[in-house]
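So this note's numbering is basically just the index in the sequence shown, starting at one, shifted up by 187. Note that beta-carbon positions come from the ideal geometry of N, C-alpha and C, so glycine has one too. Note sheet for the following structure.
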Amino acid sequence: MRTASRSPFSPRTNRPTTTSSGSVQTFDVEDIPIAYLPGNARRVRVRVVGEIARLAADGASF
């Protein structure tokens with residue numbers, strides 16, 4: 188079973204990233220029932236958009 192990555196690094200560049208404060212907005216929400224699992228299992232995917240800032244190599248934020 189694959190678990191969600193909680194890495195602070197961008198998956199494309201492997202560099203630390205963060206969002207600018209208050210700039211994140213919900214863009215799309217998918218809520219799909221999973222019929223082959225018992226109970227009320229669902230797959231939820233939320234896409235958000237916002238400004239991205241890069242962290243300095245020493246860990247200091249923007």
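Quiz item: Residues bridged to Val-231 by DSSP?
Solution: Residue mapping note: residue 231 aligns to position 44 of the sequence shown, counting from 1. According to DSSP, Val-231 bridges with Asp-218.
Quiz item: Out of curiosity, what's the CA-to-CA distance linking Ala-222 and Arg-229?
Solution: The sequence position of residue 222 within the sequence shown is 35, counting from 1. The sequence position of residue 229 within the sequence shown is 42, counting from 1. In a straight line, the C-alpha of Ala-222 is about 8 angstroms away from that of Arg-229.
Self-check item: Close Cβ partners of Asp-215 (< 6 angstroms) along its chain, the five nearest in sequence each way excluded
Solution: As a working mapping, residue 215 is identified with position 28 in the sequence shown. Taken in chain order, the residues that qualify are Arg-234.
Quiz item: Between Asp-218 and Gly-237, what straight-line distance do the alpha-carbon atoms span, to the nearest angstrom?
Solution: Position 31 of the sequence shown holds residue 218. Position 50 of the sequence shown holds residue 237. Cα-Cα distance, rounded: 22 angstroms.
Exercise. Grab me the residues of Pro-220's own chain with a C-beta within less than 6 angstroms of its C-beta, minus the 5 sequence neighbours each way, in chain order.
Key: Within the sequence shown, the letter at position 33 stands for residue 220. So the qualifying residues of the chain are Arg-229.
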